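Some notes on the structure that comes next.
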Amino acid sequence: MEELDVEPPLTVVPGADPSARQLCFAWGPAEVLVCETLFDRAGTADGGPSASCVFVFRKDQDIYIHTLRKLFNESHGIFIGLQRSEEELAGKSRKAHLVQVSKNYRSVIRACMEDMHQAAISARDPALQNQYSTQVSILSAVELIWNLCEILFVEAAAAGPLLLRLLDWVRLHVCDVDNTVREVLSSEDPSKHELFWNVVDVFVLQGRMDEARHLLSKEASANPTSMNMYRILDDLMKKMPVPSLNNTQTLTEMELKWQHWHEECQRYLQDGTFASNSHMESICKILLGDEDAILEKKELMTTWYHFLVTRLLYSHPTVKPMELRFYAQSSMDLFLGGECSPEPLDTILMAAFEFEIHQVIKECSIALSNWWFVAHLTDLLDHCKLLQSHNLYFGSNMREFLLLEYASGLFSHHSLWQLGVDYFDYCPEFGRVYLELHIERIPLNTEQKALKVLRICEQRQMHEQVRSICKIMAMKALRNNRLGSALSWSIRAKDAAFATLISDRFLKDYCERGSFSDLDLIDNLGPSMLLSDRLTFLGKYREFHRLYGEKRFSEAARLLLMLMTAHIAPCSFWMTLLTDALPLLEQKEVIFSAEQTYELMRCLEDLTAGKSEKEKFQDDNVETMKVEMLRLALARNLARVIVKEGTLGAS
Amino acid sequence: MEDVCAKFVSQKISKARWRPLPAAALQPPDVFATGSWDNEDNRISFWSVGDLVNAGLNGEYHGEPQLLCDIWHNGDVMDMQFLDQERIVVASSTGTVTVFRHHQNNQTLSASQRWEKAHYHVDQDTSCGGAACTGVICNKPEIVTVGEDGRINLFRADQKDAVRTIDNADSSTLHAVTFLRTTEILTVNSIGQLKIWDLRQQRNEPSQIFSLAGDRVPLHCVDRHPNQQHIVATGGQDGMLSIWDIRHGTMPVSLLNAHEAEMWEVRFHPSNPDHLFTCSEDGSLWHWDTSTDISEKPSFLHQGGRSTAYFSHNTINQSVVSAWLSNDPTKDRMEITNLVPNQTLSVNSLDILGPCLVYGTDAEAIYVNRQLFA
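These protein sequence lines are chains E and X, in that order.
Position one of the first sequence corresponds to residue 700 (our numbering), numbered consecutively onward.
Position one of the second sequence corresponds to residue 20 (our numbering), numbered consecutively onward.
In structure tokens, the structure reads:
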């Protein structure tokens, strides 16, 4: 066993008192059942009121949040799309596609976040409101992490574009300031607003030069005296070289330009151009990448990763992916300054900057209360071929392990289980086994649901499960006295034994009532009649009745005899069959030929000879009389047929 | 497709129905109802798509459906039909049939009539033992329901007790029902039979039985041609579409290979019956168009992203000119379009009215297409 990374969290069972009674538990697929036992610690079985509550513990409780179902369903579609596209894509388009997939996942998270936000606003109950707000902040953290992983791992941006991506990332997620910006801009005279310089600083810190210049130009027009100073700063900001997204300039070119611009800034700062205005001087220091100057604006940046990106922008714009870790670590140390210890989110982001993918996934698994995020992110990274070397000491690889956990959680949900099926499908090693175990545990309350589950099993050639589902449904129908339905289900499962059982019930009903129920089914058995001997007999016996009803006596007679001589009919039913022959024997015209009559007599004798003397004695009078009557009828028929056949032969 | 809007609703949708329009209405339908299944609490929901504020000047429409009101429903919603513009009849997996009234002035729903355990196994009075009611059809004021118990019930909207009950009408499960004429109904069952029942007759026997030859594939849905009442379409467990002419023979006139899994619903377009729509467990929704005449239209019309296929008919000679029954394979082709390209989970229900299509899926989404023939 590996060491535990964190202490497992303690869950208090509400209403249970472990000091008085011990708790016992049983594992379920994704839940634990807990109940109080009668077992007494002291060993004195004093009775007392017995435990009356069973508690259900769910591992994956996020599954049950209503609004998140949208996330699960929509991302399911994206997941399936990604797995299916796997074969088609290669080379460059593949990367673009993966980035697109990653963006789709993020937009689903964002949509869900918005919904959750709306719900939080409209919720009246403060507890509920609180719960929604918590979810919003979790989702936004998740999106933040995902976006960073997208830049670093999926897109794997190279030096140059990397910084631009990181800037976008910061702009997208540090949005507390956007409200201030809006407030200032919408005021009558923005340049007089007390937060005016804050907004300019924010724009500069986020590298939004055009917006900052726009604001500054307003301020400049209000201060004609310092116009020159504004012009110089504006010029500096305009000239600041930025890495290009496409390869129009090489890195060296960029670095050269940047060096040149940097020196120019330095000059202006040293000759005291901005000395008269502290705001502008600090902006110029920021442009120079002065760490202290940037750190002064700590309040505006709010997070260490904002500080990191700003610092990179103004001191190392061509940072290479592998160098990130040094700057990230020192930025975090500088920013937090030993005041507070890093939170889980900080550790996760730090791990990402260090390119420790496994650490990212591990920290996320610990910090987040659901498997959705890690399962999907790991799957995506696996498609980027970033996880191949890693194998777990249990189960299969990490991707599969996480997908299995996530899908198992879905299966424990009363409604989301259908999504889980597809996730299991894409787990090559254990997916099938998991699916087999889970699918049998789905409660089948209607036939339609059973049909849906059956379809899932049939598509995957899970014969064992198909049989078991059909059997359950057949049993249910049988209990409800729906013999027709029960037979249909056992025919679908090709379950011969059960078909025999139901056929027997049909025959028994017939013996008791003298008529068949469910004729529409029995008359339409078709080839499925051959499933079991008893079913064949049932079908043929019904055919006999039909022929008899249609007065096709000789055909009926032939069929009846065949049922006995070919041993299709069970022995217990022979007496009934022979009794059925009585009216045929008593018809005006002769139906059974001599040979057939002999056969009938042999059947009758076989039947009576099989019984011991004692049994015969025990048989009631009715039975004996039946046999006597049959013998008589057979003898008379034989007499008539001999005469008839003899006459025919003579003529 | 760009003109389809989707909304994720956090519940699996089993049925979707447009609210019928008043007789003289010219505008497209704007309200539909959905029912959910397999949830801990299932709901009947009413949605509006006719928000005129969001509609552009040229009639384009972009907003997603807005929830008007919803109400809790006991058990899975198995089927739903509008009785009139205000009332909807809902069949439950508990065997209960409920009429809900939609109060349009304050946007609320309430149950106005309920037949507890209209469908049941063994004994109606025991606490359990309700059998799922699988199908319902309305012809105001009459309501006919069928269920897993093989029973057929005839209700009238304003009467507390069933007008007529046929116990053991079918030995297997009845899956769907539709009106053939005002006094005759059609049912399909799980052993591939189509039966006609004449409700005027007191005999508890069908007046006619049709069946699929051979494999007894269960039939799941049925619809009747709106103008030519002898033409009936059914969909089966194997995804096959069968067209029946109930004036002739006992077998389907044509069998068309369609979906890869259960066909859950089949619908003729109510005012444009050359068009037929089917949806299936395999996650597809097909538009069958027989109005295209291949000899007149050049084939370039069918290019583009949609997956289009041609099926030639396999029919016996008919005198009546109906695209569904005619048999000239050289002239008569039908164009089939899959309207759901990347779907994975089942499309459980669809409804069409005028130019509008609505469908609901197990992926907990509802889709509305307001420009079907654009």
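The beta-carbon is built from N, C-alpha and C at its ideal position, and this holds for glycine as well.
If you're wondering where the values come from, they're calculated on a predicted model, not measured in any experiment.
Secondary structure of residue i, DSSP reduced to three states
i, result
"T1017(E)", "coil"
"S1187(E)", "helix"
"E1062(E)", "helix"
"A151(X)", "coil"
"E1022(E)", "helix"
"W1070(E)", "coil"
"I255(X)", "Inspection of the sequence shows that residue 255(X) is occupied by Gly rather than by Ile. Note: G255(X) maps to strand in three-state DSSP."
"V899(E)", "helix"
"K214(X)", "strand"
"F754(E)", "strand"
"K443(X)", "No information on residue 443(X) is available, as it lies outside the stretch 20 to 393 that chain X covers here."
"T206(X)", "strand"
"W134(X)", "strand"
8 Å Cβ cutoff, residue i in contact with chain E
i, result
"Q212(X)", "yes"
"F27(X)", "yes"
"I355(X)", "no"
"T117(X)", "no"
"D217(X)", "no"
"S129(X)", "no"
"K34(X)", "no"
"S303(X)", "no"
"E300(X)", "yes"
Chain E residues whose Cβ lies nearer than 8 Å to that of residue i
i, result
"T363(X)", "H775, G776, I779, D1121"
"I90(X)", "Going along chain E, no residue has its Cβ under 8 Å from I90(X), so there is no contact; the nearest lies around 17 Å."
"D189(X)", "G1183, D1219"
"I228(X)", "D1219"
Check whether residue i and residue j have beta carbons under 8 Å apart
i, j, result
"F852(E)", "I1056(E)", "yes"
"D1208(E)", "S1202(E)", "no"
"S1114(E)", "T192(X)", "no"
"W66(X)", "P47(X)", "no"
"T1001(E)", "D875(E)", "yes"
"K938(E)", "W960(E)", "yes"
"I1341(E)", "A1293(E)", "yes"
"P1041(E)", "L1035(E)", "yes"
"T184(X)", "V165(X)", "no"
"L1102(E)", "V1120(E)", "no"
Residue i versus residue j: straight-line alpha-carbon distance, rounded
i, j, result
"L994(E)", "R1024(E)", "19 Å"
"Q390(X)", "I63(X)", "26 Å"
"S836(E)", "G988(E)", "32 Å"
"D98(X)", "L1299(E)", "55 Å"
"H872(E)", "L843(E)", "7 Å"
"H122(X)", "E105(X)", "7 Å"
"R720(E)", "P708(E)", "21 Å"
"P940(E)", "H913(E)", "18 Å"
"V72(X)", "E887(E)", "For V72(X), the predicted structure reports a pLDDT of 47, less than 50, and the residue's modelled location is therefore unreliable. A value from the coordinates is still provided. When rounded, the distance between both Cα atoms is 32 Å."
Under 9 Å from the C-beta of residue i: neighbouring residues of chain X
i, result
"Q1117(E)", "K31, D57, L364, S365, D381, A382"
"E1146(E)", "A151, T153, E167, T192, H194, S209"
Chain-ordered chain E contacts of residue i [CB-CB under 7 Å]
i, result
"E281(X)", "L1150, R1154"
"V141(X)", "N1179, N1180"
"E135(X)", "Those do not exist, as E135(X) stays about 18 Å from chain E at its closest Cβ, beyond 7 Å."
Closer than 7 Å at the beta carbon, the chain X residues around residue i
i, result
"G1225(E)", "G233, R235"
"S1202(E)", "Those do not exist, as S1202(E) stays about 14 Å from chain X at its closest Cβ, beyond 7 Å."
"S1187(E)", "S191, S209, I210"
"K769(E)", "F27, S29"
Closer than 8 Å to chain X by CB, residue i
i, result
"T766(E)", "yes"
"S1114(E)", "yes"
"N772(E)", "yes"
"T802(E)", "Note that residue 802(E) is Lys in the sequence shown, not Thr. It does not; no Cβ of chain X falls within 8 Å."
"K794(E)", "no"
"K1193(E)", "no"
Partner residues on chain E for residue i, Cβ-Cβ distance less than 9 Å
i, result
"D95(X)", "N1144, T1145, Q1147, K1148"
**Request:** Using a Cβ-Cβ cut-off of less than 9 Å, give me the residues of the stretch 1205-1226 of chain E that come near chain B, in sequence order.
**Result:** You won't find chain B in this structure, because its protein chains are E and X.
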